[in-house]
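Visitor: Line by line, the protein sequences give chains V and S.
The numbering of the first sequence is this note's numbering, which starts it at 29 and goes up by one.
The numbering of the second sequence is this note's numbering, which starts it at 28 and goes up by one.
Glycine included, C-beta positions come from ideal geometry on N, C-alpha and C.
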Amino acid sequence: MKKQLSKAHEKYLKRLKKDKIIVIFWQIALFVCFLGIWQLLADTGVIDPFFFSSPSRIAVTIVDLFANGNLLLHIWTSLYETILGFIIAVLLGLIIAVMLWWSEKLRKILEPYLIILNSLPKIALGPMIIFWVGSGTSATVVMSVLICIVITIISMLNAFISCDKDKILLMKSMRANKFQILFKLVLPNALPEFVSVLKINVGMAWVGTVMGEYLSSKAGLGYLINYGSQMLKLDIVMTSITLLCVLAGGMYGLVSLLEKRQQK
Amino acid sequence: MDKFLEFKNVTYFYQTKTSEIHALDKLTFAVDEFQFASLVGPSGCGKTTVLSLTAGLLEASEGEILLDQKPITKNDPRIGYMFQRDHLFEWRSIWQNITLGLELQHKNKDQQKLSLAENLLKKYDLYGFKNKKPHELSGGMRQRVALIRTLVLEPALLLLDEPFSALDFQTRLKVCDDVYDIIKSEKKTALLVTHDISEAISMSDRIIILTKRPAHTRTIIDLNLEGNTPLEKREANDFGKHFEMIWRNLSSEETIIKSP
Numbered sequence: 029m030k031k032q033l034s035k036a037h038e039k040y041l042k043r044l045k046k047d048k049i050i051v052i053f054w055q056i057a058l059f060v061c062f063l064g065i066w067q068l069l070a071d072t073g074v075i076d077p078f079f080f081s082s083p084s085r086i087a088v089t090i091v092d093l094f095a096n097g098n099l100l101l102h103i104w105t106s107l108y109e110t111i112l113g114f115i116i117a118v119l120l121g122l123i124i125a126v127m128l129w130w131s132e133k134l135r136k137i138l139e140p141y142l143i144i145l146n147s148l149p150k151i152a153l154g155p156m157i158i159f160w161v162g163s164g165t166s167a168t169v170v171m172s173v174l175i176c177i178v179i180t181i182i183s184m185l186n187a188f189i190s191c192d193k194d195k196i197l198l199m200k201s202m203r204a205n206k207f208q209i210l211f212k213l214v215l216p217n218a219l220p221e222f223v224s225v226l227k228i229n230v231g232m233a234w235v236g237t238v239m240g241e242y243l244s245s246k247a248g249l250g251y252l253i254n255y256g257s258q259m260l261k262l263d264i265v266m267t268s269i270t271l272l273c274v275l276a277g278g279m280y281g282l283v284s285l286l287e288k289r290q291q292k
Numbered sequence: 028m029d030k031f032l033e034f035k036n037v038t039y040f041y042q043t044k045t046s047e048i049h050a051l052d053k054l055t056f057a058v059d060e061f062q063f064a065s066l067v068g069p070s071g072c073g074k075t076t077v078l079s080l081t082a083g084l085l086e087a088s089e090g091e092i093l094l095d096q097k098p099i100t101k102n103d104p105r106i107g108y109m110f111q112r113d114h115l116f117e118w119r120s121i122w123q124n125i126t127l128g129l130e131l132q133h134k135n136k137d138q139q140k141l142s143l144a145e146n147l148l149k150k151y152d153l154y155g156f157k158n159k160k161p162h163e164l165s166g167g168m169r170q171r172v173a174l175i176r177t178l179v180l181e182p183a184l185l186l187l188d189e190p191f192s193a194l195d196f197q198t199r200l201k202v203c204d205d206v207y208d209i210i211k212s213e214k215k216t217a218l219l220v221t222h223d224i225s226e227a228i229s230m231s232d233r234i235i236i237l238t239k240r241p242a243h244t245r246t247i248i249d250l251n252l253e254g255n256t257p258l259e260k261r262e263a264n265d266f267g268k269h270f271e272m273i274w275r276n277l278s279s280e281e282t283i284i285k286s287p
């Protein structure tokens with residue numbers, strides 16, 4: 029049976045709903061205004077559409093790329109490389125973090141290497157990666173993995189180590205072995221941190237993919253940006269950036285959905 | 028009555044990077060079966076160390092600890108431990124929290140153990156909350172769940188490490204009554220660590236007073252106050268007399284709460 033709400037509570041819920049609608053309205057309005065002003069400035073010649081493009085030119089470029097069959101290929105290539113890099117980095121990073129949590133000695137031995145790897149600009153490894161694994165998709169995925177994996181290891185390891193010592197003691201007092209402590213306490217306890225790592229890695233994986241495609245690729249949105257800038261087709265550059273925004277936003281949205289499910 | 032838990036000249040040293048800390052020095056005391064005993068002493072004197080040694084989480088440097096005349100083993104199954112905070116796992120339901128120990132010991136299919144868990148929940152008014160998450164329960168209810176989680180494993184001895192310290196005064200009095208009632212009706216032997224003299228007197232049959240570090244037994248007091256609950260015992264005629272005696276014993280020591 030539906031619970032009868034008091035007038036004050038009904039008013040409170042209405043205000044919450046109204047606030048939500050206002051936020052969404054302004055988010056959309058800001059986006060529409062941005063597109064409108066951009067288009068207006070380009071049409072009136074305040075900004076040069078050759079350098080700054082315009083929403084209508086981006087729409088035309090998308091239609092053209094779609095018509096010659098290239099658009100889906102570039103989107104698919106980048107999406108595939110990003111998701112693959114993201115998954116490998118998260119899984120491998122998680123496994124390494126577990127190993128480092130398991131053995132304090134191993135953690136102490138590898139600590140300086142992790143710090144160095146974390147501070148190293150991964151792009152510097154680009155030429156070496158091409159020599160090691162060849163150009164194209166494999167180099168791009170490796171770049172993406174390298175960028176995401178260190179942050180995954182460090183964040184997850186910190187989450188594992190900061191697990192309440194008394195809770196571990198409680199598990200031990202109930203005769204839990206180390207596997208049980210890991211699977212029944214340490215891992216579920218680190219779930220909120222894991223979701224944060226996923227969110228950070230969505231952005232990082234795209235950085236890796238675009239960097240990899242800049243360096244060595246024949247397809248993908250990073251390649252398209254590089255191609256557009258070299259051929260002075262800046263509409264293609266802006267189109268690729270727009271598509272990157274949409275795809276990265278979509279992936280972030282999926283992770284946020286996962287977060288909401290976890291919080292329930 | 029037979030000695031159930033026995034500490035015989037137990038010495039313990041903590042090892043740190045800079046030094047060796049002498050925590051306990053030839054500590055000797057005993058707790059009889061079904062007795063509720065309390066350990067009181069100054070802050071940092073090693074009360075929690077005594078519990079960790081009893082639970083088999085630490086190993087004595089010297090001396091002997093016996094439970095029912097047999098030496099304590101590592102993570103001894105005869106012993107249940109209740110911590111300062113309830114440490115319920117927020118991602119598990121109340122039922123999953125209560126059966127955590129059974130799960131760890133692969134006994135979560137044992138119908139007899141499961142019906143014990145169910146009966147304890149019913150008996151202590153928590154059955155309706157079995158599918159709720161810990162954050163939906165009050166502080167007192169959470170402590171009761173933590174106690175039931177320990178009792179489900181049917182320990183012979185319960186170790187209570189300041190389990191009421193995180194609660195406000197009103198809740199604390201109520202939870203003291205609840206925990207005392209549960210422990211007495213389930214016929215368990217208990218060893219409580221507390222800073223609160225009133226709490227120790229109202230709950231205990233025996234109080235073991237420790238000296239400051241390195242701790243040894245300063246004195247042991249056996250109590251037999253009128254009243255069936257800790258709250259009633261606080262009203263007993265001899266309560267004040269015992270309080271003064273313990274307070275005097277500890278007056279040369281430090282940081283003891285003299286609550287009303």
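Does the structure place the segment 200-212 of chain V close enough to the segment 261-281 of chain V that three or more beta carbon pairs sit under 8 angstroms?
Guide: no
Visitor: Measure how close the beta-carbons of R233/S and Q62/S come, nearest whole angstrom, since I'm counting them as under 8 angstroms.
Guide: As a working mapping, residue 233/S is identified with position 206 in the second sequence. As a working mapping, residue 62/S is identified with position 35 in the second sequence. Contact between R233/S and Q62/S is confirmed by a C-beta separation of about 6 angstroms, below the 8 angstroms threshold.
Visitor: DSSP three-state call for Q139/S: helix, strand or coil?
Guide: Within the second sequence, residue 139/S is the residue found at index 112, counting from 1. Correct three-state label for Q139/S: helix.
Visitor: Return the chain-ordered list of same chain residues with a C-beta closer than 7 angstroms to the C-beta of R112/S, the five sequence neighbours on each side being excluded.
Guide: Here residue 112/S refers to the residue found at position 85 of the second sequence. Once the five neighbours on either side are set aside, the close Cβ partners of R112/S are A193.
Visitor: So, using beta-carbon positions, are T198/S and G155/S closer together than 9 angstroms?
Guide: Position 171 of the second sequence, counted from the first residue, corresponds to residue 198/S. Position 128 of the second sequence, counted from the first residue, corresponds to residue 155/S. No, the Cβ-Cβ distance between T198/S and G155/S is not below 9 angstroms.
Visitor: Distance check for L129/S and N102/S, CA to CA, integer angstroms please.
Guide: Within the second sequence, residue 102/S is the residue found at index 75, counting from 1. Within the second sequence, residue 129/S is the residue found at index 102, counting from 1. The straight-line gap from Cα to Cα measures roughly 15 angstroms.
Visitor: Who are T244/S's beta bridge partners in DSSP?
Guide: Indexing the second sequence from 1 puts residue 244/S at position 217. In DSSP, T244/S forms a bridge with L237/S.
Visitor: Under 7 angstroms Cβ-Cβ, which residues of chain C neighbour K195/V?
Guide: This model lacks chain C altogether, as its protein chains are V and S.
Visitor: Taking 9 angstroms as the cut-off, decide whether the C-beta atoms of E86/S and E33/S are in contact.
Guide: If you number the second sequence from 1, residue 86/S lands on position 59. If you number the second sequence from 1, residue 33/S lands on position 6. No, these two residues do not count as a Cβ contact at 9 angstroms.
Visitor: If we call anything under 9 angstroms between Cβ atoms a contact, is L141/S one with N135/S?
Guide: The residue given as residue 141/S occupies position 114 in the second sequence. The residue given as residue 135/S occupies position 108 in the second sequence. Contact: yes.
Visitor: So, under 8 angstroms CB-CB, L13/S and G107/S are touching, yes? Tell me the CB distance rounded to an integer number of Å.
Guide: Since the first and last residues shown for chain S are 28 and 287, residue 13/S lies out of range.
Visitor: Going along chain S in order, which residues have a C-beta closer than 7 angstroms to the C-beta of S190/V?
Guide: As a position in the first sequence, residue 190/V is number 162, starting the count at 1. Here the premise fails: no neighbours, minimum Cβ distance about 15 angstroms.
Visitor: Rounded C-beta distance between M109/S and T177/S? I'm assuming under 8 angstroms.
Guide: As a first step, residue 109/S is located in the second sequence; it is residue number 82 there, counting from the start. As a first step, residue 177/S is located in the second sequence; it is residue number 150 there, counting from the start. Confirmed, about 5 angstroms.
Visitor: Are the CB atoms of R171/S and I209/S nearer to each other than 9 angstroms?
Guide: Working through the second sequence from its first residue, we reach residue 171/S at position 144. Working through the second sequence from its first residue, we reach residue 209/S at position 182. Yes, the Cβ-Cβ distance between R171/S and I209/S is below 9 angstroms.
Visitor: Ordered along the chain, which non-local residues of its own chain (more than five positions away) have a Cβ less than 7 angstroms from that of Q290/V?
Guide: Within the first sequence, the letter at position 262 stands for residue 290/V. If we look at Q290/V and ignore the five residues flanking it on each side, its Cβ neighbours are L219 and V223.
Visitor: Would you mind reading off the limits of the beta strand (DSSP E) that contains T216/S?
Guide: Here the question's residue 216/S lines up with position 189 in the second sequence. First-last of the beta strand (DSSP E) with T216/S: T216 to V220.
Visitor: From the beta carbon of A152/V, is the nearest beta carbon of chain S less than 9 angstroms away?
Guide: Locating residue 152/V in the first sequence gives position 124, where the first residue counts as 1. No, A152/V lies away from the interface with chain S (no Cβ there is under 9 angstroms from its Cβ).
Visitor: Which value, in whole angstroms, describes the spacing of the CA atoms of K288/V and G281/V?
Guide: On the first sequence, residue 288/V is found 260 positions in, with the first residue counted as 1. On the first sequence, residue 281/V is found 253 positions in, with the first residue counted as 1. Near 11 angstroms, if we compare the C-alpha coordinates of G281/V and K288/V.
Visitor: With a CB to CB cut of under 6 angstroms and the five nearest residues on each side skipped, what residues in its chain are close to P287/S?
Guide: Along the second sequence, one-based indexing puts residue 287/S at 260. Because P287/S sits at a pLDDT of 43, beneath the cut-off of 50, its placement in the model cannot be relied upon, and the point is left open.
Visitor: At a Cβ threshold of 9 angstroms, is I121/S touching chain V?
Guide: For this step, residue 121/S is matched to residue 94 along the second sequence. So, not an interface residue.
Visitor: Return the Cβ separation of L148/S and K159/S in integer angstroms, given the expectation that the two are a contact with Cβ distance under 8 angstroms.
Guide: Here residue 148/S refers to the residue found at position 121 of the second sequence. Here residue 159/S refers to the residue found at position 132 of the second sequence. Their Cβ separation, rounded to whole angstroms, is 11 angstroms, which puts L148/S and K159/S out of contact at 8 angstroms.
Visitor: Could you tell me the distance, in whole angstroms, from the CA atom of D263/V to the CA atom of L249/V?
Guide: Position 235 of the first sequence, counted from the start, is the residue given in the question as residue 263/V. Position 221 of the first sequence, counted from the start, is the residue given in the question as residue 249/V. Approximately 13 angstroms, taken between the alpha carbons.
Visitor: How long is the line joining the alpha carbons of K44/S and A50/S, rounded to whole angstroms?
Guide: The residue you call residue 44/S lines up with position 17 of the second sequence. The residue you call residue 50/S lines up with position 23 of the second sequence. Between K44/S and A50/S, the C-alpha separation is close to 16 angstroms.
Visitor: Note down the Cα distance separating I179/V from V88/V, rounded to an integer number of angstroms.
Guide: In the first sequence, counting from the first residue as 1, residue 179/V sits at position 151. In the first sequence, counting from the first residue as 1, residue 88/V sits at position 60. The C-alpha of V88/V is placed about 39 angstroms away from the C-alpha of I179/V.
Visitor: Under the DSSP definition of a beta bridge, which residues are partnered with T177/S?
Guide: On the second sequence, residue 177/S is found 150 positions in, with the first residue counted as 1. None, per the DSSP bridge assignment.
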